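The next block holds one structure in the form of structure tokens; read it before the comments.
Residue numbers (the numbering used here): 1 to 133.
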């Protein structure tokens, strides 16, 4: 009888731990909803991640790979988060984009930003300044 109670207690304890882990992960995911995490390498090649919660992001990129920040729009989310020209965009919501073609990487960034509140950035497809997200 004592052996059976120990087994039941161990199962309950394990289930409680699994449930707590599930609830913690759900809380993390809920906190991340409405946020686009963009990873960069800064001018010193240090890894930097910025969490955007509104759009437009305010990042103007060049049209090549690697995707680099050519400018930051005044008053934008990027400006308030401290994004700087010259930084390389390396990930979007944890997805590595360094091996993507420019068009695919830009579309991934644009698509991710569409989930955020705010208004869409104008696309400057023929601008020498590149694309604005």
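Each residue gets a CB set at the ideal place from its N, CA and C atoms; glycine is no exception. Quick caveat: nothing in here was measured; it's all calculated off a predicted structure.
Neighbourhood of residue i by C-beta, 6 Å cutoff - its chain only, sequence neighbours within 5 removed
i: residue 123; result: Low confidence applies to residue 123: its pLDDT is 44, below 50, so where it sits in the model is not reliable enough to give any reading.
i: residue 105; result: 67, 97
i: residue 81; result: 50
i: residue 110; result: 133
Buried or exposed by the 16-neighbour rule on C-beta atoms within 10 Å, applied to residue i
i: residue 16; result: exposed
i: residue 18; result: exposed
Residue nearest to residue i in terms of C-alpha spacing, selected from the options
i: residue 99; options: 18, 76, 65; result: 65
i: residue 76; options: 58, 91, 112; result: 58
Distance between residue j and residue i (C-alpha atoms, nearest Å)
i: residue 86; j: residue 54; result: 22 Å
i: residue 52; j: residue 118; result: 11 Å
i: residue 73; j: residue 133; result: 10 Å
i: residue 48; j: residue 21; result: 28 Å
i: residue 108; j: residue 46; result: 23 Å
i: residue 83; j: residue 114; result: 19 Å
Proximity test, residue i beta-carbon vs the ligand FAD heavy atom, cut-off 7 Å
i: residue 99; result: Here there are no bound small molecules, and the ligand FAD is not part of this structure.
Sequence-distant residues of its chain with Cβ nearer than 7 Å to residue i (five each side left out)
i: residue 116; result: 34, 36, 52, 53, 54, 55
i: residue 31; result: Note that residue 31 scores 44 on pLDDT, short of 50, meaning its location in the model is unreliable and no value can be drawn from it.
i: residue 112; result: 36, 92, 93
i: residue 78; result: 57, 58, 59, 72
Chain-order list of residues whose beta-carbon lies under 8 Å from that of residue i (same chain, five-residue window excluded)
i: residue 95; result: 108
Any contact between the region 38-52 and the region 73-91? By contact I mean 3 or more CB pairs, one from each, below 8 Å.
yes
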